[in-house]
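I have placed the structure first, in the form of structure tokens, so that the comments after it can refer back to it.
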Amino acid sequence: MKVIINPGHSTTSPGVMGPTGLYEHDAVFALSQVLKAALEERKIEAEILVQPGGNEKWALSHLMQRVNARQHEVDVFLSLHCAFSKDRAAYGTRIHYLEGAEESRLLAENLFKHFPKTPWAGIFPSQEFVLQQARCPAVLIEVEHLSNPEAEMLMRHEAWLQKTAERLVAGLFDFIGPQDIRLIIDGKEIFAEPVPQVVYGDIMVPVRVIADALGARVEWDGDARILRIFTRRALRPAEPSEEGKETEG
């Protein structure tokens, strides 16, 4: 599973600016870094791709060429932006998907259900260039209204970045469904029952599966609550000592 994260705009064309001076690109680039880390903690590969500077149309075309060059390994494309409204009170998240793209619509729905519902929030069909060009499920997410001074101040804080990233991760997992973890030992795939799971960031695998694959033996003492594992070395018959060999001779 791989996710491409695109923080909208660029350092030379930073997008809209909030009332207190926060640029759109700076806000969503910071969020992209937190989101990438949150995905990688959950064993989801993530890559941040930023559009180059220069002419906007050329820059977006170049960006999507880079995304589509990875089409056989990319599963989801997220383009992060900020909304901007004449109504300074407007707040909330707006998610756009390519009209007629069913998978992208489902992605938008799964993401949006983790965000607060406001009169200005929602999911919307769109003809945005990046959505037209993407060859995988893709959405453009306006994570918050940068025109709202209170929202702008929140976007400067690590707590907001973490919370928003967690909401996006939760929506992505709802979209992709449970992911089985493949277990490969010495180049051979082992099919475990129950399947390995990610629990609080660690991989949990049935110990007997590992032991069998490595030629070890497992003993469980339920009364003493002791799990004993005997490796190949412990199971191998002991070789006679040099002194024993001399005696036998």
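Numbering of the sequence shown is given in the working numbering, commencing with residue 431 and proceeding in unit increments. Every residue gets a Cβ at the ideal spot worked out from N, C-alpha and C, and that includes glycine.
Around the C-beta of residue i, are 16 or more other C-beta atoms found within 10 angstroms, so that it is buried, or is it exposed?
i, result
"residue 455", "buried"
"residue 568", "buried"
"residue 590", "buried"
"residue 467", "exposed"
"residue 597", "buried"
"residue 528", "buried"
"residue 585", "buried"
"residue 657", "exposed"
"residue 553", "buried"
"residue 374", "The structure shown has nothing for residue 374, since the chain only spans 431 to 679."
"residue 654", "exposed"
"residue 494", "buried"
"residue 484", "exposed"
"residue 526", "buried"
"residue 474", "buried"
"residue 601", "buried"
"residue 511", "buried"
"residue 471", "exposed"
"residue 574", "buried"
Does DSSP put residue i in a helix, a strand or coil?
i, result
"residue 550", "coil"
"residue 625", "coil"
"residue 579", "helix"
"residue 439", "coil"
"residue 656", "strand"
"residue 635", "coil"
"residue 647", "strand"
"residue 663", "helix"
"residue 479", "coil"
"residue 431", "coil"
"residue 507", "strand"
"residue 535", "helix"
"residue 497", "helix"
"residue 464", "helix"
"residue 611", "coil"
"residue 573", "strand"
"residue 556", "strand"
Going by C-alpha distance, which of the options is nearest residue i?
i, options, result
"residue 478", "452, 514, 632, 506", "506"
"residue 628", "541, 469, 657", "469"
"residue 480", "556, 488, 511, 440", "440"
"residue 643", "624, 616, 632, 633", "616"
"residue 438", "474, 459, 607", "459"
"residue 432", "660, 580, 649, 603", "603"
"residue 576", "442, 447, 443, 434", "447"
"residue 517", "488, 449, 444, 492", "449"
"residue 541", "565, 647, 594, 491", "594"
"residue 461", "509, 579, 539", "509"
"residue 605", "634, 539, 570", "539"
"residue 588", "652, 457, 434", "457"
"residue 476", "486, 503, 488", "503"
"residue 530", "580, 633, 556, 511", "556"
"residue 434", "496, 489, 650", "496"
"residue 489", "650, 443, 580", "443"
For the putative contact between residue i and residue j, defined by C-beta atoms under 8 Å, what is the C-beta separation to the nearest angstrom?
i, j, result
"residue 645", "residue 662", "5 Å"
"residue 513", "residue 572", "4 Å"
"residue 452", "residue 582", "5 Å"
"residue 625", "residue 611", "7 Å"
Nearer than 8 Å: is that true of the beta carbon of residue i relative to any heavy atom of the ligand SAH?
i, result
"residue 548", "Ligands displayed in this structure: none; no statement on the ligand SAH is therefore possible."
- Message: I want to know whether the region 528-539 touches the region 554-562 - three or more CB-CB distances under 8 Å.
- Response: Judged by pairs of C-beta atoms under 8 Å, the region 528-539 touches the region 554-562, as three or more such pairs exist.
- With a cut-off of 8 Å, do at least 3 Cβ pairs link the region 539-555 to the region 510-522? By the Cβ rule, the region 539-555 counts as touching the region 510-522, because three or more pairs are nearer than 8 Å.
- Item | Touch test, the region 634-642 against the region 607-622, Cβ-Cβ under 8 Å, three pairs minimum | The region 634-642 vs the region 607-622: in contact.
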